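Note that this note's numbering has the sequence shown beginning at 2, numbered continuously upward.
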Amino acid sequence: MRKRKWSSVFSLLVMLVLVLSACNNSSSSGSKEDKAVKTEDLASKFPTTVKNNKKAIDGGVLNYGIVSDTPIEGTFNLAFYEGQPDFEVIKFLDDSLLKTDRNYEITNGGAATYKLSNDNKTMTIKIKDNVNWSDGKPVTAEDLEFAYLVIGNKDYTGVRYGDPLFQNIVGMDEYHKGKAKNISGVKVIDDKTISITWKSANPSEKTGVWTTPLPKHYLKDVPIAKMAQSDKIRLHPLGFGPFKVKKVVPGESVELVRNDHYWAGKPKLKGVVIKVVNPKVVLEALKKGEIDYAAFPVDQYESAKSAKNFQLLGTIDLAYSYIGFKLGHWDAKKQENVMDNPKFQNKKLRQAMAYALDNKSVGEKIYHGLRFPATTLIPPSFPEWHDKSAKGYKYDPKKAKKLLDEAGYKDVDKDGYREDPDGKKFVINFLSMSGGDTAEPLAKFYMQCWKDVGLNVKLVNGRLAEFNSFYDMVKKDDPKVDIYSGAWGTGTDVDPYGLYGRNVMFNYTRFVSKKNDELLEKGHSPKAFDTAYRKKVYNEWQKYMNEEAAVIPTLYRYQLYAVNNRVKNLSVYPDETGTDWSKVSLTSEKADTQE
Numbered sequence: 002m003r004k005r006k007w008s009s010v011f012s013l014l015v016m017l018v019l020v021l022s023a024c025n026n027s028s029s030s031g032s033k034e035d036k037a038v039k040t041e042d043l044a045s046k047f048p049t050t051v052k053n054n055k056k057a058i059d060g061g062v063l064n065y066g067i068v069s070d071t072p073i074e075g076t077f078n079l080a081f082y083e084g085q086p087d088f089e090v091i092k093f094l095d096d097s098l099l100k101t102d103r104n105y106e107i108t109n110g111g112a113a114t115y116k117l118s119n120d121n122k123t124m125t126i127k128i129k130d131n132v133n134w135s136d137g138k139p140v141t142a143e144d145l146e147f148a149y150l151v152i153g154n155k156d157y158t159g160v161r162y163g164d165p166l167f168q169n170i171v172g173m174d175e176y177h178k179g180k181a182k183n184i185s186g187v188k189v190i191d192d193k194t195i196s197i198t199w200k201s202a203n204p205s206e207k208t209g210v211w212t213t214p215l216p217k218h219y220l221k222d223v224p225i226a227k228m229a230q231s232d233k234i235r236l237h238p239l240g241f242g243p244f245k246v247k248k249v250v251p252g253e254s255v256e257l258v259r260n261d262h263y264w265a266g267k268p269k270l271k272g273v274v275i276k277v278v279n280p281k282v283v284l285e286a287l288k289k290g291e292i293d294y295a296a297f298p299v300d301q302y303e304s305a306k307s308a309k310n311f312q313l314l315g316t317i318d319l320a321y322s323y324i325g326f327k328l329g330h331w332d333a334k335k336q337e338n339v340m341d342n343p344k345f346q347n348k349k350l351r352q353a354m355a356y357a358l359d360n361k362s363v364g365e366k367i368y369h370g371l372r373f374p375a376t377t378l379i380p381p382s383f384p385e386w387h388d389k390s391a392k393g394y395k396y397d398p399k400k401a402k403k404l405l406d407e408a409g410y411k412d413v414d415k416d417g418y419r420e421d422p423d424g425k426k427f428v429i430n431f432l433s434m435s436g437g438d439t440a441e442p443l444a445k446f447y448m449q450c451w452k453d454v455g456l457n458v459k460l461v462n463g464r465l466a467e468f469n470s471f472y473d474m475v476k477k478d479d480p481k482v483d484i485y486s487g488a489w490g491t492g493t494d495v496d497p498y499g500l501y502g503r504n505v506m507f508n509y510t511r512f513v514s515k516k517n518d519e520l521l522e523k524g525h526s527p528k529a530f531d532t533a534y535r536k537k538v539y540n541e542w543q544k545y546m547n548e549e550a551a552v553i554p555t556l557y558r559y560q561l562y563a564v565n566n567r568v569k570n571l572s573v574y575p576d577e578t579g580t581d582w583s584k585v586s587l588t589s590e591k592a593d594t595q596e
């Protein structure tokens, strides 16, 4: 196995040399000799449903791998979690009351039904009678109201309140400021029925409305300020999903057993064991049958595609990678972003750094065509809203150098790096995350591309940051960080306000402008129920954000999933919650293995 590992790393370094060569080339199109795999050629190669015609056994335990080089943080609740590893546990434990279709719009096929008023300002939700928490207690309208009371409370420590649908609820502002004990726009009609009324209609009601309740009977005695850190969230979470927690080993693993009270019927699996698997050993773990399922690192695709004991499924992800500029800070008192960092206020500097990056070569040579250049901040997994005409920032080092000259970064120091317009040494501190074989080579590649246009870019603290410390520095606006390399999973609501709004903590670049405010407001205004109008607004927003370049979208991605041959009835979709884990089964007690 070590030999294969070495071969994988060696081939990656060879590819990196090719990419760096492309980066040093002044052409904007890269090498004409490039024969790398094209993304469109791979599109038809990945099924979304596992093939298994064998008879399912009764029960069985599925081994689920969270591919990460960092521990599970352990915040097992949708209202409080922030990192993907936690979500991978939560999706087994909890759910939204309203299911969504393939266009990510809510339906009446889930644990509840809904109805919108004629003016689209009020949604009435009715929970089905057989919906119970995993302790057997019924899920009630008060539980959903309790979720809104927690998230809207001034002591709430999570990030969900930034969603405009929360802030737009009638009476939410008064409640959030402590001027009211309840939210007047959230009304419990009876044990199973609740209504939510917004000040103005918003088309995101059908894609982004919050319908995940919190068990009031279980959490009501926990102070909201301490709820996220409580044992009732971290060690003994309560949900109404297909499984429930049996045991948590903090940071390492979670053992689940099926929830016999699950509203959609008794799950096929007896249990699920979820454990963290380092990206460097995930392929070996899959071949040995130590795990049955994992989101598979695309940089290891070439080594995995010939595997016999597991199958690769794939989708275009609701996600994108990006480079973000730290333009200001989060004002916790005012609950808004303030753009007051002068270092990158000149957008020509930001644009130059975007043109310096050869993302096409990265996607084709390092990620085997499974990632491809991102052109806007709305990914193609939203076909209705993604601007297909957008060109984004294609690799053009000549243009990058010209923009730097125009921005005043002309003169160079003794080491050959550009100085700032005042003739002072100009160093850019770059925060990048560890994880997988490509993390360090990719960071070095981007730094080399910027070096090729005369910019001195150095890693913060001289090394890559692990997941938790990375986001701790980003969220707290650590002054050591000038730029950072991140990624967003967008969720199923296309509205970008939740990531780039003025009053949103997730807006980590802290970019704000009146134009941005205006376009985001138009995008979820009552007028935006007209699809053509909303599409026009979002096309304009995508163009505007590309011009401002506060965030440089770098790569869209295929998401791969490795599934052992003993797994049956498993399908994957761009939104991971689309997998119905209650229907998944196994056809043998032991996993298939491969020597």
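The C-beta atom is built at its ideal place from N, Cα and C for all residues, glycine as well.
Bear in mind the structure is a predicted one, so any value in this text is a computation, not a measurement.
Asp136 carries a coil assignment under DSSP once its states are collapsed to helix, strand and coil. Taken in chain order, the unbroken stretches of alpha helix (DSSP H) that lie wholly in the segment 147-202 and span 4 residues or more are 165-168 and 173-177. Under the three-state reduction of DSSP output, Ser362 falls in the helix class.
DSSP places Arg259 inside the beta strand (DSSP E), whose first and last residues are Ser254 to Arg259. Sequence-distant Cβ neighbours of Lys116 in its own chain, meaning closer than 6 Å and more than five residues away, are Thr125.
Ranked by Cα distance from Pro165, the first of Gly524, Val573, Gln595 and Ser586 is Gly524. Inclusion of Val495 and Thr208 in the CB contact set at 8 Å is warranted, their separation being smaller than that value. By the CB criterion at 8 Å, Ala375 and Tyr321 fall inside the cutoff. By the criterion of at least three beta-carbon pairs nearer than 8 Å, the segment 66-75 is in contact with the segment 287-302. Taking 8 Å as the cut-off, the Cβ atoms of Asn338 and Arg511 count as close. The distance from the Cβ of Lys426 to that of Asp414 is about 6 Å, consistent with a contact at the 8 Å cut-off. Between Lys271 and the set Trp582, Glu596, Gln595 and Asp593, the nearest pair of CA atoms involves Trp582. Counted as a single uninterrupted DSSP element, the stretch harbouring Trp451 is not any beta strand (DSSP E) but the alpha helix (DSSP H) occupying residues Ala440 to Asp453. Assignment of beta-bridge partners to Asn430 by DSSP yields Lys459. Across the set Lys536, Leu378 and Glu420, the C-alpha of Leu378 shows the shortest separation from the C-alpha of Thr555. Annotation: the segment 208-286 contains the following complete segments of the beta strand (DSSP E) (minimum length 3 residues), in chain order: 244-250, 254-259 and 272-278. CA-to-CA, the gap between Pro139 and Leu98 works out to about 13 Å.
Looking at the DSSP output, Trp331 sits in a beta bridge with Asn338.
Contact check between the segment 312-319 and the segment 566-576: three or more CB pairs, one atom from each, fall below 8 Å, which counts as touching.
Look at Val568 here: in three-state DSSP terms it is strand. Rounded to the nearest whole angstrom, the C-alpha separation of Gly61 and Val454 is 57 Å.
DSSP places Trp489 inside the beta strand (DSSP E), whose first and last residues are Ile484 to Gly490.
Distance from the Cα of Pro422 is smallest, within the candidate group Ile195, Tyr157, Lys392 and Leu350, for Leu350. Annotation: Lys334 to Ala551 spans about 24 Å, alpha carbon to alpha carbon. For the pair Lys389 and Val585, the CB atoms are not nearer than the 8 Å cut-off.
When only Cα atoms are considered, Trp199 and Asn121 end up about 9 Å apart.
Gly153 and Asp174 have their alpha carbons spaced roughly 8 Å apart.
When C-alpha distances from Pro527 are compared across Lys459, Thr123, Gly84 and Ile128, the shortest belongs to Thr123.
Nearest Cα to Pro280 within the set Gly437, Leu371 and His330: Gly437. According to the DSSP secondary-structure assignment, Gln312 is paired through a beta bridge with Val564. Nearest to Lys361 by alpha-carbon distance, out of Gly186, Leu443 and Asn109, is Leu443. Relative to Pro204, the option among Asn109, Thr594, Tyr545 and Tyr498 whose CA is nearest is Tyr498. Take Glu441, set aside five residues on each side of it, and the residues of its chain with a beta-carbon closer than 7 Å to its own are Leu465, in chain order.
Secondary structure at Thr125: strand, using DSSP grouped into helix, strand and coil. Of the residues assessed, Ile73 falls on the buried side of the cut-off, its CB having 16 or more other CB atoms within 10 angstroms. Residue pairing by DSSP puts Glu420 in a beta bridge opposite Lys426.
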